[in-house]
Amino acid sequence: MSILVFKIIYISVIFALSLVIAMYATLAERKVAAFLQDRLGPNRAGPFGILQPLADGLKLLFKEEFIPARSDKWLFMMGPGFFMITALMTSVVIPFGSDVTIDGVTYALQGTDLNVGLLYIFGVVSLGVYGILIGGWASNNKFSLLGAIRAASQNISYELAMGLSIIALVMMTSSLSLKEIVDQQAGWQWNILYQPLGFLIFLICAFAETNRAPFDLPECETELVGGFHTEFSSMKLGFYLFAEYINMFVSCAILATLYFGGYHFPFVSSMDPGLTKTILQAVVLFGKIFFFIFLFMWVRWTLPRFRYDQLMNLGWKVLIPLAVVNILLTGVFILIKAG
Numbered sequence: 000m001s002i003l004v005f006k007i008i009y010i011s012v013i014f015a016l017s018l019v020i021a022m023y024a025t026l027a028e029r030k031v032a033a034f035l036q037d038r039l040g041p042n043r044a045g046p047f048g049i050l051q052p053l054a055d056g057l058k059l060l061f062k063e064e065f066i067p068a069r070s071d072k073w074l075f076m077m078g079p080g081f082f083m084i085t086a087l088m089t090s091v092v093i094p095f096g097s098d099v100t101i102d103g104v105t106y107a108l109q110g111t112d113l114n115v116g117l118l119y120i121f122g123v124v125s126l127g128v129y130g131i132l133i134g135g136w137a138s139n140n141k142f143s144l145l146g147a148i149r150a151a152s153q154n155i156s157y158e159l160a161m162g163l164s165i166i167a168l169v170m171m172t173s174s175l176s177l178k179e180i181v182d183q184q185a186g187w188q189w190n191i192l193y194q195p196l197g198f199l200i201f202l203i204c205a206f207a208e209t210n211r212a213p214f215d216l217p218e219c220e221t222e223l224v225g226g227f228h229t230e231f232s233s234m235k236l237g238f239y240l241f242a243e244y245i246n247m248f249v250s251c252a253i254l255a256t257l258y259f260g261g262y263h264f265p266f267v268s269s270m271d272p273g274l275t276k277t278i279l280q281a282v283v284l285f286g287k288i289f290f291f292i293f294l295f296m297w298v299r300w301t302l303p304r305f306r307y308d309q310l311m312n313l314g315w316k317v318l319i320p321l322a323v324v325n326i327l328l329t330g331v332f333i334l335i336k337a338g
């Protein structure tokens, strides 16, 4: 019973933490943009602007709720919620630290250790596009519909390359469990050293999957006004925006878990098991996650947006062939190592 209560509390904390990180990622985004553009950024709400996300949340909460007269009202309300739920569900299988034993009871810092954790993540992520499709179609707005169609084709295209990049990693680790993949990277045995091309493909696809610039074509304001969420206001718009930042957080956590040792770090891995080690492991993992979040923001405010034909050409003509070549090279490497 104590383990069940711990699991419920742990999952609730992870969900709440994802929301808080998404809120303050918006502040970090504006601060990073200000730094790169040599200006101050938000600095009015609270010291150094740290209350700006709360001000933005309250503004969205109290804004007038607007539903287009000719929209499908039930689907219009369902879209943002579905997108938000699928974004939160992906964090359940990410291990944030090793198991810790307290009073003879072992607790795992992971919502659930599925032996097909990678397949679970891909399955949930692929469902997220339905939230965009439902919202874009239910709006009864051609710009929203075009944005939703773009999002669907973009996600399908880049999920193929992302899945192929993961196949090479699975060939090396012989596991689909994120816990096992992390444990195999103890010390300096990080997968980035063996799969640099796979990591690069996965990183580019993560930008496209999270609709981050330079791949933010589904909400390209120069062509589509606001994209798939043009007609949304108040917290419905807030759900779409928060879900994108949650997806970015989860993508960074998966990148750190699969390729950069997860919660492992050399001096931490050599420590004796205990609560202190587990806390330090969680700090190490979040440090890696925040580094990748900064990278996502840096790229957004540095590179210009792709044209849509360039986006599709990169996915189908470059990334997928490279991912196939990476699988072949990985197979050759495994055969040579075995021989």
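Counting from 0, one number per residue, gives the positions in the sequence shown under numbering that gives the first Met the number 0. Just so you know, even glycine gets a beta-carbon here, dropped at the ideal spot from N, CA and C.
| field | Bridge-paired residues (DSSP) for residue 101 | value | 104
| said: One question on the structure: do residue 258 and residue 326 come within less than 9 Å of each other, judged by their Cβ atoms? | reply: no
| task | Can you have a look at residue 270 and say buried or exposed, based on whether 16 or more other CB atoms are within 10 angstroms of its CB? | result | exposed
| Where does residue 215 land, buried or exposed, given buried means 16+ other C-beta within 10 angstroms? | buried
| said: Less than 9 Å between the beta carbons of residue 147 and residue 217, yes or no? | reply: yes
| field | Inter-stretch contact at 8 Å, needing at least 3 Cβ pairs: the region 155-170 / the region 231-241 | value | no
| query | Skipping 5 residues on each side, what residues in its chain have a beta carbon closer than 6 Å to that of residue 28? | reply | 296
| Nearest-angstrom Cα separation, counted from residue 88 out to residue 241 | 14 Å
| field | Integer-rounded CB distance, given that residue 246 should sit under 8 Å from residue 86 | value | 5 Å
| query | Which residues in the same chain have their Cβ closer than 6 Å to the Cβ of residue 83, if we skip the five residues on either side of it in sequence? | reply | 238, 242
| message | Check whether the region 54-64 and the region 110-127 are in contact - that is, three or more C-beta pairs closer than 8 Å. | response | no
| task | Determine the closest residue to residue 330 out of 167, 177, 266, 20, with distance taken between C-alpha atoms. | result | 167
| Given 8 Å, three or more beta-carbon pairs between the region 71-80 and the region 129-141 | yes
| Separation of residue 64 from residue 360, as counted between CA atoms | No statement about residue 360 is possible, as the shown extent of the chain runs from 0 to 338 and does not include it.
| Contact check, residue 256 vs residue 181 under 8 Å by CB: the rounded distance? | 6 Å
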